[in-house]
Amino acid sequence: MSDTNEPIGAATVVVVSGGSRGLGLAIVSDILASGASVAAFARTLTPELTALASAHPDRVHVASVDATDRHAVAAFLKAAEARLGPIDALVNNAAVGQDSLHVHTSPDDIARIIETNLTAPLLLARAVLRRILAKGNRGRIVMVTSVCAQRGYSGLVAYSATKGGLDSAMRTLAREMHGRALVNSVAPGFFASEMSSVLGQTQLDTITRRTPSGRLVEPENIVPIVHTLLFDDTNLNGQVITVDGGASI
Ligand SMILES: NC(=O)c1ccc[n+]([C@@H]2O[C@H](COP(=O)([O-])OP(=O)(O)OC[C@H]3O[C@@H](n4cnc5c(N)ncnc54)[C@H](OP(=O)(O)O)[C@@H]3O)[C@@H](O)[C@H]2O)c1
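What follows is the structure, encoded as structure tokens:
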């Protein structure tokens, strides 16, 4: 077992949920560029993720997995570890969005959002941490949450609840792991992706106008923060790092 007085080393094998497109795919590319290995899944594999796997067969493991299917997730982690070696980090990125007032959101949709965005990430973090602890290793966990956890936005009640829940769990997990893992959240503001494509140009213009930095967030602004939380000796632990150009201040 490693000495807990020492800094937790850089991640070497990182699991990325929802690594097929958008921010998740950008994070997968950055992890590869840094020399580490990556195990990424989504329900549907994209040509971009498949191409990365073909280009780096020794450092990438990908599969089509639904995050809410705990047996499929367990099999994925086992296969990833057999191929890449011991997993020591997780980026909990997969999530589904929402674009409906709470009173118009069906109970089934509320349940689906909570299962995908809160229950599944908690179970995935548990599974990864159990593997890290069983091997006497130490690790890093990054939750991708949202400014919606900190400020109110119409049409995102259940979604905001899941992101706030994940931030709260992150803080408690950081304390509970007591030096066995650094656990943090990255909370982006709105950025262009399939998830945010429901926003019209008028809404995007309004968000930009209300953003002190004068520009909308891009995945390229978020990736370096995730990178730092995975690879650098920062001693950041239990923190939510908001990347939104100051829109929420
Ligand atoms: N875009 C924004 O404005 C914004 C703002 C703040 C925070 N965020 C957060 O940033 C993260 C990435 O969002 P994004 O904008 O890049 O979204 P995106 O383009 O919609 O990508 C979401 C990813 O998650 C996967 N996913 C969704 N449900 C899944 C499931 N049940 N099982 C496995 N994979 C699943 C998707 O693939 P499949 O659909 O094929 O499964 C995809 O790979 C999310 O946590 C989101 O909440 C986004």
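Our numbering numbers the first residue of the sequence shown as 477 and each following residue consecutively. By construction, the Cβ of each residue, glycine as well, lies at the ideal position given by its N, Cα and C atoms.
**OP:** State yes or no: is the C-beta of GLY631 nearer than 6 Å to some heavy atom of ligand 1?
**Re:** no
**OP:** Thinking ILE647 and LEU609 are a contact (beta carbons under 8 Å), I'd like their distance in whole angstroms, please.
**Re:** This sequence places Arg at residue 647; Ile is not what is there. With 8 Å as the limit, ARG647 and LEU609 do not qualify as a contact, their Cβ atoms being about 19 Å apart.
Subject >> Nearest candidate by alpha-carbon position, reference ILE509, set HIS532, ILE590, ALA543, ALA516 >> reply: A small fix is needed here, since residue 509 is Ala in this sequence, not Ile. Comparing Cα-Cα distances from ALA509 to each of HIS532, ILE590, ALA543, ALA516, the minimum goes to HIS532.
**OP:** State the beta-bridge partners of SER540 as determined by DSSP.
**Re:** ALA518
Original post:
Any heavy atom of ligand 2 closer than 6 Å to the CB of ARG519?
Top reply: This structure simply doesn't include ligand 2; it includes ligand 1 instead.
**OP:** Kindly indicate which residue of GLY498, ARG607, THR678 has the alpha-carbon position closest to the one of VAL572.
**Re:** GLY498
Subject >> Nearest residue (CA-CA) to ALA601, options LEU632, ASN569, GLN626, VAL623 >> reply: ASN569
Subject >> Contact set for ALA556: own chain, Cβ-Cβ below 6 Å, skip 5 residues either direction >> reply: ALA515, HIS537
**OP:** Please specify which runs of the alpha helix (DSSP H), each continuous and at least 4 residues long, are wholly inside the region 592-674, giving them in chain order.
**Re:** 596-610, 633-653
Original post:
Sorted by chain position, which residues of the same chain lie with C-beta nearer than 6 Å to LEU712's C-beta, five sequence neighbours on each side aside?
Top reply: ASN660
**OP:** Kindly identify the DSSP beta-bridge partner or partners of THR678.
**Re:** According to DSSP, which records beta bridges pairwise, THR678 is partnered with nothing at all.
**OP:** Pick out whichever of GLU482, LEU642, ASP708, LYS611 has its Cα sitting closest to the Cα of MET619.
**Re:** LEU642
Original post:
Quick one: what's got a C-beta closer than 6 Å to ASN697's C-beta in the same chain, skipping five residues either side?
Top reply: VAL719
Original post:
On the premise that ARG691 lies in contact with THR682, defined as a C-beta separation below 8 Å, what is that separation, rounded to the nearest angstrom?
Top reply: With 8 Å as the limit, THR682 and ARG691 do not qualify as a contact, their Cβ atoms being about 14 Å apart.
Subject >> From VAL674, GLN715, PHE707, GLY714, residue whose alpha carbon lies closest to that of THR488 >> reply: PHE707
**OP:** Go ahead and label ASN593 buried or exposed: buried means 16 or more other beta carbons lie within 10 angstroms of its beta carbon, across all protein chains shown.
**Re:** buried
**OP:** Mark ARG614 as exposed unless 16 or more other C-beta atoms lie within 10 angstroms of its C-beta, in which case mark it buried.
**Re:** buried
**OP:** Quick one: grab the DSSP three-state call for THR718.
**Re:** strand
Subject >> DSSP beta-bridge partners of ASN568 >> reply: MET619
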